[in-house]
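Read in order, the letters of the sequence shown correspond to residues -5 to 521 in the numbering used here. Ideal Cβ placement from N, Cα and C applies to all residues, glycine included. All values reported here derive from a predicted model rather than from experimental measurement. Here's the structure we're looking at; comments come further down.
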Amino acid sequence: MDILAIEMGPTTVVGALFVGLFLGGSLVAIVHQMISRTRAKTFKEDLQRQIDGAKKEAENIVKSAQIDAAAEAIKKKEELTAEANKTRVELHETEMRLSKREDALDRQTEAVQQREKAAKQQEQEAERRQHNIDLKDKQLSTLLAQQKNQLLKITAMDIGEARELLLKRLEDECEHEMSSLIQRKVEEATEASDEKSREIISTAIQRYAAEQTCEATVSTVEIPNDDMKGRIIGREGRNIRAFEKATGVDVIVDDTPGMIVVSGFSPVRREVARLSMERLIQDGRIHPSRIEELVAQTRKDVNNKVLQIGKDAAVETNVRGLNNKVLSMLGALSYRTSYGQNVLRHSVEVAFLAQVMSDELGLDGSIARRAGLLHDIGKAIDHEVEGSHPVIGVNYLKRFNESAIILNAVAGHHGDIPADNPYTPLVAAADAISASRPGARRETLERYIKRLEQLEEIAGGFKGVENAYAIQAGREIRVIVNAGEVNDEAVMKIARDIANKIQDEMTYPGEIQVTLLREVRCIEYAK
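Shown next as structure tokens:
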């Protein structure tokens, strides 16, 4: 290169330099253009890839939206189907209710037609009798005129005397005729009222049907194995004695496999004992202190259950506005029987019967239903308060501002006081119907329960007695005395006095054992 430059000279060298620079710039431009094209191509490819990715993502979004829309459509369809089914069920129930109402209206229409027919017949009979009376009146007037003329001819009476005699005779005849007519009308009214009352009562009985009585005095408790019987009895029988003392029932542990028997005349005690025994078996910790704790808790649960039973009865009869204390009393009636008939079911039955009869007579069925439900509420506490159950019930309901109509119906449903409203005789009639229907009551069980209640009442009347429980079907009375009020010397005297009073005031088969328990319990805590 140097040799060439020397040979070519300065001018040639400069020209060559310019040519070299031009060629280098062109080459750079070409290289730059190639790089730009490569970058453009790469950018286009990247852009195309982004566009393709966006398209795929858009397609995925569209597919996801379509799936979501389809799922939402299916969900909406299911909701609409469920709503349609619910509407269909409601329409069916409405149709059934309308059908029942239509049947009731048909029966009422038929009854009204029969009444109208009877009224027309009575009206025709009255018109016929009135016509006969008018004819007899004309005949009587003619006869009196003839007699008047005849008397004036025969006797020497003046007109005043004859008029007085005729008027007296006419008065006697009219009085006799009027007495006969009144007697006939009274007999007809009596026959009509008897027929109407029989119709109302038969309609009420046909429209309400209740179960027959079925009562038991024992409950069975299943046990996992026969080894549990020994644990229930405890060492020297301390567990079973503590259980019987806490619950007031008799526990029978015999050779029957897989079960023990809880016996007691009071259904409430028996239920408390049954539930307590089941909880003890499940818990496994069977000892006197645990027994007392579980029995106390079970009593609370049973009280809550009693309240719920009362609420269910109020809902069943559609009686509203009752205080929770009144509802608890109603629930307690479910554990009370009258001649074997459950008193709560009897009260519900009386409520419906009274409502049906009041509806037939055009009265307010809700008032009759409320009075019927509450009429025997005094039986829930008649073993705690002196007096008959109607009087007890009235005094109790007065605390909750029940109306005078309800109070009179409760107090007078056995005829103890005069009725001052039409609902009282309706409740009394419904009470008699419920009690006298076939299978409603069983007198032998009621006498047995009354005898056991009397046995407990006699023992509980002595000073220092805390609790008294009749067990062994009334063959034993178990009395628990307060150790702070009764000493050991007085225990034998109280037991003998109880036995003597039972002998003097009660009639019973065989003999009754009086078992008196006095226990001193001391509790301290080591800290």
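The alpha-carbon separation between ARG268 and THR241 amounts to approximately 10 Å. Looking at ASN461, TYR463, LYS457, the one whose alpha-carbon comes closest to that of ASN481 is LYS457. DSSP places MET500 in no alpha helix (DSSP H); its state is neither H nor E.
Measuring C-alpha to C-alpha distances from ILE246 to each of GLU230, ARG273, SER213, GLY278 identifies SER213 as the nearest.
In terms of Cβ geometry, ALA453 and ILE506 do not form a close pair [threshold 8 Å]. Here LEU327 is near ASP370, since their CB atoms are less than 8 Å apart.
ARG472 has TYR463, THR509 as its beta-bridge partners, per DSSP. Under a 10 Å Cβ-count criterion, SER322 is classified as buried, with 16 or more other Cβ atoms of the shown protein chains found around its own Cβ. According to the DSSP assignment, SER257 belongs to the beta strand (DSSP E) that extends over 253 to 257.
The secondary-structure analysis by DSSP pairs ASN336 across a beta bridge with THR331. The C-alpha of ILE386 lies about 37 Å from the C-alpha of ILE234. Counting only runs of 3+ residues, the beta strand (DSSP E) found wholly inside the region 232 to 288 occupies 244 to 246, 253 to 257, in chain order.
SER341 carries a helical assignment under DSSP once its states are collapsed to helix, strand and coil. At least 8 Å separates the beta-carbon of GLY455 from that of TYR502.
Our two residues, VAL289 and TYR329, have alpha carbons roughly 18 Å apart in a direct line.
Scanning its chain for C-beta atoms nearer than 8 Å, with the 5 sequence neighbours on each side dropped, one finds around GLU450 the residues ALA462, TYR463, ALA464, ILE471, in chain order.
Classified as exposed, ASP131 has fewer than 16 neighbouring CB atoms from the shown chains inside 10 Å of its CB. Residue pairing by DSSP leaves SER93 without any beta bridge partner. Of the residues VAL350, VAL514, TYR417, the one whose Cα lies closest to the Cα of ALA98 is VAL350. Closest in C-alpha terms to LEU138, from the list GLU165, GLN118, ALA120, comes GLU165.
Per DSSP, SER322 is one residue of the alpha helix (DSSP H) stretching across 318 to 326. Taking all protein chains shown into account, MET222 has 16 or more neighbouring C-beta atoms within 10 Å of its C-beta and is therefore buried. Counting along the chain, SER360 sits inside the alpha helix (DSSP H) bounded by residues 359 to 368. Shortest Cα-Cα distance from ILE227 to any of GLY258, ARG263, ARG279, VAL266 involves ARG279. Beyond the five residues adjoining it in sequence on each side, ASP100 comes within less than 8 Å, by CB distance, of no other residue in the same chain. Residue burial annotation: ASN494 is exposed, with fewer than 16 other C-beta atoms found within 10 angstroms of its C-beta.
LEU391 is positioned such that its CB atom lies closer than 8 Å to that of VAL404. Assignment of VAL215 by DSSP, reduced to helix, strand and coil, places it in the strand class.
In the DSSP annotation of this structure, the continuous segment of the alpha helix (DSSP H) that includes GLY224 starts and ends at 221 to 227.
In terms of Cβ geometry, ASP244 and GLY258 form a close pair [threshold 8 Å]. Comparing alpha carbon positions, the residue from ASN219, ASP425, MET500, GLN27 closest to GLN276 is ASN219. Per the coordinates, the alpha-carbon of GLY252 lies some 9 Å from the alpha-carbon of VAL215.
In this structure, ILE399 places its C-beta atom within 8 Å of the C-beta atom of ILE361.
In summary, ILE285 is buried, with 16 or more beta-carbon neighbours lying within 10 Å of its beta-carbon over all protein chains present. For GLU272 against VAL296, the beta-carbon gap comes to about 13 Å, at or over 8 Å, which does not count as contact. When DSSP states are grouped into helix, strand and coil, TYR390 belongs to the helix group.
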